[in-house]
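Using this note's numbering, count along the sequence shown one by one with no gaps and you end on 294. For glycine and all other residues, C-beta sits at the position ideal for the given N, C-alpha and C. Here's the structure, in structure tokens; my notes come after.
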Amino acid sequence: MRRHWSLFTTASRYALIGHAGNRFAMLLVVLYIPVWIALAYLTIPDRPAPFRLRATGEVLTPPGNHLTQITGALNAVTLIAGFMMFAATFTGGAFDRRLAMAGYPRHHLVLAKLSALTLVCAAVAAYATAAAGFAWSPRQPLMLAAALFCAALTYGTLGVVFGSVLRREVEGMFAILMISIIDVALQNPLSSSGSDSAVVRFLPSYGAVQASMSAAFSTAPVAQGLAIQLLWLLGAALAGFMVFRRRTRDALPPERKRRTPDHSGPGVNAGAPAHTPEPGAAAQRVRPT
Numbered sequence: 006m007r008r009h010w011s012l013f014t015t016a017s018r019y020a021l022i023g024h025a026g027n028r029f030a031m032l033l034v035v036l037y038i039p040v041w042i043a044l045a046y047l048t049i050p051d052r053p054a055p056f057r058l059r060a061t062g063e064v065l066t067p068p069g070n071h072l073t074q075i076t077g078a079l080n081a082v083t084l085i086a087g088f089m090m091f092a093a094t095f096t097g098g099a100f101d102r103r104l105a106m107a108g109y110p111r112h113h114l115v116l117a118k119l120s121a122l123t124l125v126c127a128a129v130a131a132y133a134t135a136a137a138g139f140a141w142s143p144r145q146p147l148m149l150a151a152a153l154f155c156a157a158l159t160y161g162t163l164g165v166v167f168g169s170v171l172r173r174e175v176e177g178m179f180a181i182l183m184i185s186i187i188d189v190a191l192q193n194p195l196s197s198s199g200s201d202s203a204v205v206r207f208l209p210s211y212g213a214v215q216a217s218m219s220a221a222f223s224t225a226p227v228a229q230g231l232a233i234q235l236l237w238l239l240g241a242a243l244a245g246f247m248v249f250r251r252r253t254r255d256a257l258p259p260e261r262k263r264r265t266p267d268h269s270g271p272g273v274n275a276g277a278p279a280h281t282p283e284p285g286a287a288a289q290r291v292r293p294t
């Protein structure tokens with residue numbers, strides 16, 4: 006048990022160090038979230054913006070600037086989480102593969118990445134909730150934070166997928182940017198007249214949008230929206246695990262893996278015992294640097 010814990014904590018430490026070293030992402034967290042939310046509050050008119058919330062069926066009439074703040078917070082946390090996980094996966098892919106090839110357990114690497122992602126998304130969601138509620142108080146602030154957290158987790162896992170399958174950095178950044186913009190913009194009642202369309206139910210952050218709107222402007226339960234978002238999160242996490250497993254697979258062909266040395270051939274001392282290395286021995290000799 007101590008060995009498993011040591012492997013997990015070592016991988017988690019390096020995952021967090023990698024995120025902390027992404028200074029641009031840290032700048033986005035500190036400045037982009039409050040600036041975007043403040044500009045939405047100051048520039049968007051505060052006239053009531055009535056819309057029907059599909060999750061509960063009720064008609065809400067929040068001020069337009071408050072509504073834009075919530076959608077802006079969703080857009081900000083999804084972009085930041087997606088960018089951070091894509092950058093970490095894209096730049097650290099070769100190192101992860103070397104560790105896995107040396108015998109470092111892939112499950113520990115995956116759990117470490119998920120733990121780092123969870124901590125990052127929790128911090129970003131709490132910060133965005135505080136920024137959105139600076140000028141006014143959401144009806145259910147904890148549920149709003151939970152909705153932002155689930156949305157950030159979903160896009161973080163999508164960032165892992167893009168970081169594993171795309172070949173160039175600009176491709177992943179563009180994919181995350183466009184998906185997040187289209188996703189949130191189509192669900193914003195101020196920018197889309199079809200925000201209550203049946204099509205939006207298939208968007209990645211649909212559950213989080215429904216839950217955050219309900220948490221911000223009503224006292225209705227948000228469990229249904231969070232449950233829908235968790236389905237997207239589980240699907241993205243499964244896809245991320247599959248591509249990570251494929252990327253860190255053993256590249257040797259099967260026939261070379263099964264081949265054993267011929268001890269009867271020349272150059273081998275007669276009677277010398279065959280030595281088969283124990284599984285995981287390489288992992289004990291290799292330490293992540």
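Length of the line joining the Cα atoms of F249 and T15: 19 Å
Cβ neighbours of A275 in the same chain (closer than 7 Å, five flanking residues each side left out): Confidence at A275 is low in this model, with a pLDDT of 44, below 50, so its placement is unreliable and the value that follows should be read with caution. No residues qualify anywhere along the chain.
First and last residue of the uninterrupted alpha helix (DSSP H) at A121: 111-137
Residues near L149 by beta carbon distance below 7 Å, same chain, minus five either side: T134, P143, S217, A220, A221
Beta-carbon proximity of S185 to T83, cut-off 9 Å: yes
The region 189-207 in contact with the region 113-129 per 3-pair CB rule at 8 Å: no
C-beta atoms of Y46 and H71 nearer than 9 Å: yes
Buried versus exposed, by CB contacts within 10 Å (16 or more), M183: exposed
Cβ separation of T298 and V165, assumed to be a contact under 8 Å, to the nearest whole Å: Any question about residue 298 goes unanswered here, given that the chain covers just 6 to 294.
contact_flag[the region 233-243, the region 92-106] where n(CB pairs < 8 Å) is 3 or more: no
Rounded straight-line distance, which links the Cα of A86 to that of A152: 14 Å
Minimum length 4: unbroken alpha helix (DSSP H) runs contained in the region 34-86: 38-48
Cβ distance (whole Å) where A60 is taken to contact Q215 below 8 Å: 4 Å
DSSP three-state assignment for Q234, whether helix, strand or coil: helix
Runs of alpha helix (DSSP H) lying entirely within the region 189-235, each at least 4 residues, in chain order: 211-222
D34 versus R251: straight-line alpha-carbon distance, rounded: A small fix is needed here, since residue 34 is Val in this sequence, not Asp. One C-alpha to the other measures close to 31 Å.
Three-state secondary structure (DSSP) of K262: With a pLDDT of 48 at K262, under the threshold of 50, the predicted position of this residue should be treated as unreliable, and no value is reported.
Buried versus exposed call for H9 [16 or more other C-beta atoms within 10 Å across all chains shown]: exposed
For R7, the three-state DSSP class (helix, strand or coil): helix
8 Å contact criterion, which G311 and G212 should meet: CB distance rounded: No statement about residue 311 is possible, as the shown extent of the chain runs from 6 to 294 and does not include it.
Assumed close pair F100, C126 - CB separation to whole angstroms, cut-off 8 Å: Their Cβ separation, rounded to whole angstroms, is 23 Å, which puts F100 and C126 out of contact at 8 Å.
Sequence-distant residues of the same chain with beta carbon closer than 7 Å to P226, five excluded per side: none
Secondary structure of P146, DSSP reduced to three states: helix
C-alpha distance - P39 paired with P146, whole-angstrom precision: 17 Å
Residue nearest to N193 in terms of C-alpha spacing, selected from L243, T76, S17: T76
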